[in-house]
Structure formats: C-alpha cells, structure tokens
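Just so it is clear: in the sequence shown, position 137 is 137 by the UniProt record's numbering, and no numbers are missing. Glycine residues also receive a C-beta, built at the ideal position from the N, C-alpha and C atoms. On a predicted model such as this, the values are computed, not experimentally measured, just so you know.
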Amino acid sequence: MPHLNNKISHRLAGVLGLLLLTTLAIVGMALWQMGVMRTLSAEVSNNWLPSVETVNQMNANTGELRVAEFQQVLNTDSTRVAALEKTMAQIQAEFEAHHKTYVALISSPEEHKLHDAFDAQWKHYLQFHAQIVELSRKNEQAQARELLEGDAQRTFEAMSKVLDQLVELNQTGARSAAEASESAYLMARNAMVIAAALGLAMAVTAGLWLMRSITGPLQQALQAAHRVADGDLSCVIEHQSQDESGQVLQALQQMQTSLEGVVTKVRDNADSVATASQQIANASQDLSSRTEEQASALEETAATMDELAATVRTNTENAQQADQLARSASAIAVQGGEVVGKVVTTMQNINASSRKISDIIGVIDGIAFQTNILALNAAVEAARAGEQGRGFAVVASEVRSLAQRSAEAAKEIKTLISRSVEQVSHGTDLVDQAGKTMGEIVGSIRRVSDIVTEITTATQEQSLGIQQVGQAISQLDQTTQQNAAMVEESAAAAETLKDQAMQLVQTVAVFRLSGTPSTRASAMPAAPRQTAPQTRAATMPAPRPTFRSAPAHTAVQTSAGTPAAAEPVSDDWAKF
C-alpha cells in the first residue's frame, strides 16, 4: 500500500486537513445561508413592513381628512370651521410626511404603477378638497356637501381602493420574503445536516483508516515483542510500510536476528566450554597421579640426605670445638697484646700531655712577664697622675707582685715537668719492647687458629652444602605438594566450569531458533564428576610438615557464581 509509506505525522495532518476543510465548507455554507436569511429579514423589516405601516398611516390620514371635511360641511360656526381647517392642514402635512417616507420604500415596478395611480387620484381629490373648503368658507354648505358626497366621494373611494391594493401588495411581498426566509432556513438546515453527516462519515472513515494504519503495525510489533520475550526467535516479522511503525518492525526484526545469532554463538560456546572443561578435569587427574609418584621419590631422597647431613654435622661439631680452643688461646694472647698496646698508648699520651703542660707553663710564664710589664707601666702612669693616680698605683703594685710570684711558680713547675717527661720517655721505650714481644706471640697463635678455622670452615661448607641440597629437596617436595593441590583446585574449577556451562546451555535452550530444536542441551552427556586426589599429609615424615593451599575457598563455587579457582594460583601453576 503506497499510503503506508507516508509518515504517521503526514497521515495525521491529512486527516486533520480533511476535517478542517469539511468544517470550513459547513461554516461557509452556513454563513452564506445566514446572509441570505439576513437579506430577506432585512427586506421584510426595512421595506415591506414599513411600507405596509406607512400605507396604513396614509390610509388613516385620508380617512381623517374625509371626516374633517364632513365636519366642516356640517358646521356653520366660523370658529369651528377655522379650527377644522387647521386640523385638515395638519392631516395633510402628516400625510405628506408619510407619503414621502413611502416613496423612498417603493421597490417594485408594480408598486410604482399603483403609487402613480394613487398619486393621480390624490391630486385629483385635493382639488375637490380645495373646492369644499372654499365653499364652506362662503357658507355654501349644500354645494359643498353635494360635492363631498358626489365627485369627491367617488375619487376618495377610487383612491382608497388603490391604497388597499398597495397594502395588499406590501403584505404579499412581506409574506413572500418571510416564506423565502423560511425556505432559506430549511435549505440551510438541510444542507448543514447533509454536510455534517458527510463530514462525520468522512471523519469516521478517515479515523478508522488512520487508527488501523497505526494500531495494526503496533499490534504486530507488540505480538513480536511478546514472542521474543517468550524465547521464540524463529518467527519472521513482516513489515510492508516505511513509516515509523514499519521502522519499529524493521528494528524488531534486526533485534530478533541479532539475538538469534547471539544465542546460537552462546550455545556453541557453552558446548565447547563444557567439553573442554571435562578434558581439563581428566588431564588434571592424570597429572595429580604423576605428582604423587614424584613426591614419593623425593621423600626417599630426602631421607638419605638427612643421614649424610647427620654425619657431616658431627664432624663439623668436632672441628668447631678445636676452633673454639684455638680462638680462646688467640683471644688471650690478643688481649695481652692489647693490654701492652694500651700501656704504650697511655705512656705516649702521658708524655704528650707532659709536653703540653710544659708548653702551657711557658705560656703562663710569658703571661706573668707581660703582666709585670703592664703593671710597671701602670705604676709609671699613676705616678705621673699624681694624687689622683695614687689608688691606681697601689693596685698596679699588687698586680706586679702577683705576676712575679706567678712567674716563679711557673719556673718551678716547668722544672718538675721536664724531669717527669724524661722518666716517661724511658718507660715508653721499655713498654715498646714488651709490645713487640707480645705481637710475635699473638702472630704465632693466630696462624694456628687460622689453620683450625680453615678446617672448621671446610667442614661447615660441606654441612651447608648438604643442608642446601636437603632444603632444595624439601622445597621441591613442597612445590610438588602445592602442584598437587593446584591440580586438585584446577580439577574442581574445571568441574564447576562444566556445571556452569551445562546450566548456560540449559538456560539458552528456552530460545526457539529458526531450523533449530529447543532441546539442544539434552544432547550433550553429563560426564561423571571425578574425585580429586587426596592430600599426602599422612604419608609424610613427622619432622617434614607438608604445605598445601586450601582449594575449597577458591574452587568450590555455586553454579550461579563465576569460577575463580585458577586465577589466585596462576603464578604457581605457571612455575609448575
């Protein structure tokens, strides 16, 4: 359908435009008919009815004039006659005003013809009226009455007949206009009813068409979404339109195709993962058995190395005792040499200190000499000052006396220190000789100690080498045990991975694909879970504890969780 390729907004705009045009047509028709009715009503109210009323007024004026003429003819009182003349003049003025108004309302040739006839009769009657008035003024009442009842009466009757015809003509025109207005009303009503019915039918038809063109694809999209939600990916979503609804169906078809591809890949990958995890579990079991055999051989080698290490350990202990005795003798000799060296050092320090004291005494002697000179200069200056410097001269004399005494004491100490330095120098020479002798003794003892130390070192190196071999074997055994534990964890992780792959296959099996049965997961056999190898802690010797990692906290996972057993031990597994 070509119209389905249009956008929904364009279709909505088209339907609304159609409704708007229909409404405008109805409104235009109603306005036109209302204009016709208004014209007819205006003609009735502004022409026919005023014409009838005016003609009736004119007819009434002619009747009043006729009555006034009879009264004038019958009255002989001049005053009354004059009053009647004024009344008749007023009646004529009113008639002329009404007549002027009516002339402006004449609208048809027939009415013009009747009016001309009336106007001629009216002018003729006015001639008789003038004669009657003139005769009444002359008191010729009989002639006036004769004229009034004769020719004037006939003219009045002819004129009244024409006025009646004018009234009838205007009443007929008013009735015709009213009938035309009623006909226009009925025509407008019928036309509006027909137009409204047509507009309603068009609106209902357009609304139903628009509703079906929108809700049909949306209902199809809703059904397709429900089928996809129920896992049915085998259905084909057809779309014939290129509007928004068709684009939604096209997007749903693309989504269904993508989901079908994803589910297919997930199924294939889940089957592959389950098969690979089963193979990994079997390989892990074989590797665990070989690791157990390797661990048994390492235990036997470790026992042999323990016996060899015990023998070397005994030799090492004996060599260490001899080395300790040699070290003790060497230490005693070294201590004696150190004591002699300390004595030599002490004597040298005493000698150096004595020389420093002698130098210090020399400095003190020089200071005393300089102080004496300064005190002498101060006394000379005090003597020059006279009476004012007498107190200062006394102080300078005392300072000079103290300086002389300090110089004498310094000379005596210097003499004693010089003698002490000579004696200390002689003792230092003797101590140097004793130190050289102790050094020779210490050198001999050290050579003996070095020989014993070399023997001890060689024995220790042998013991250390054996210990290193034993440690290497122990580490190799521990590594083997860790490898066994990791193999067990790997087997448990592979088993868990297989279970999760099976659950994934069962989960995606609910989707129905095109050309693929929904029970695909049942075709894959569930391999029996193999028991992981037990630890060898019971077979290990008591002094060699085993070191195993706990696989339970990493390998045993719930089927809904993510297996993480292989990740924490990836480094150790790479080493293995």
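*State the DSSP-derived secondary structure class of Ser397, mapped to helix, strand or coil.*
helix
_Nearest-angstrom beta carbon gap, Ala270 and Leu504 [assumed within contact, 8 Å]_ = 4 Å
*asked:* Helix, strand or coil, according to DSSP, for Thr275 in the structure here?
replied: helix
*Starting from Glu108 and walking both ways along the alpha helix (DSSP H), at which residues does that stretch end?*
The question names Glu, but residue 108 in the sequence shown is Ser. From DSSP, Ser108 is part of no alpha helix (DSSP H); its letter is neither H nor E.
*Gly150 in three-state terms, based on DSSP*: coil
*Can you tell me the Cβ-Cβ gap for Ser354 and Ile417, rounded? I've got them flagged as a contact below 8 Å.*
6 Å
*Verify whether the separation of the beta carbon atoms of Gln141 and Val73 is less than 8 Å.*
yes
*Environment of Gln127 [buried if 16+ CB atoms lie within 10 Å]*: exposed
*asked:* Between the segment 371–380 and the segment 401–408, can you find at least three pairs of beta-carbon atoms closer than 8 Å?
replied: yes
*Should His98 go down as buried or exposed, given a rule of 16 or more other Cβ atoms within 10 Å for buried?*
buried
_Pairs of beta-carbons, one from the segment 407–427 and one from the segment 360–367, closer than 8 Å: are there three or more?_
yes
*Do Asn75 and Leu163 have their C-beta atoms within less than 8 Å of each other?*
no
*Contact set for Val424: own chain, Cβ-Cβ below 8 Å, skip 5 residues either direction*: Met347, Ile350, Asn351, Ser354
*Measure the Cβ-Cβ separation of Phe369 and Ala407 and say whether it is below 8 Å.*
yes
*Whose C-beta lies closer than 6 Å to the C-beta of Ile451 among residues of the same chain, with five residues either side of it excluded?*
none
*Who are the Cβ neighbours of Gln143 in its own chain at under 6 Å, not counting the five residues just before and after it?*
Leu135
*Using three-state DSSP, classify Asn61 as helix, strand or coil.*
helix
*Under 8 Å between the Cβ atoms of Ile473 and Leu308?*
no
*Whether Ala295 touches Gln482 by CB criterion (8 Å)*: no
*Ordered along the chain, which non-local residues of its own chain (more than five positions away) have a Cβ less than 7 Å from that of Lys575?*
Residue confidence is low: Lys575 scores 42 on pLDDT, short of 50, so the model does not pin down where it sits. Its coordinate-derived value is still stated next. So no residue of the chain qualifies.
_Between Thr428 and Val344, how many whole angstroms is the CB-CB distance? I'm expecting something under 8 Å._
7 Å
*Just the Cα atoms here: how many angstroms apart are Asp119 and Lys161?*
12 Å
*asked:* Spatial neighbours of Ser549 within its chain, please: C-beta separation below 6 Å, excluding the five flanking residues on both sides.
replied: For Ser549, the pLDDT reaches just 42, beneath the cut-off of 50, and the residue's location in the model is therefore unreliable, leaving the point undetermined.
*Under the rule that 16 or more other beta-carbon atoms within 10 Å means buried, what is Gln219, buried or exposed?*
exposed
*Asn170 by DSSP, collapsed to three states: which one?*
helix
*Can you tell me whether Leu20 is buried or exposed, with buried defined as 16 or more other CB within 10 angstroms of its CB?*
exposed
*asked:* Can you find the residues in the same chain that come closer than 8 Å, C-beta to C-beta, to Arg313, ignoring five residues on each side of it along the sequence?
replied: Ser463
_Own chain, CB closer than 6 Å to Ala152, minus 5 neighbours either side, in chain order_ = Phe128
*How close, in whole Å, do the beta carbons of Asp323 and Thr456 come, if the pair is a contact with beta carbons under 8 Å?*
4 Å
_Ser490 and Ile214 - do their beta-carbons sit closer together than 8 Å?_
no
_Proximity below 8 Å, CB of Ala206 to CB of Leu24_ = no
*For Glu111 versus Leu65, is the C-beta distance shorter than 8 Å?*
no
*Can you give me the Cβ contacts of Thr62 inside the same chain, cut-off strictly under 6 Å, excluding the 5 residues immediately before and after it?*
none
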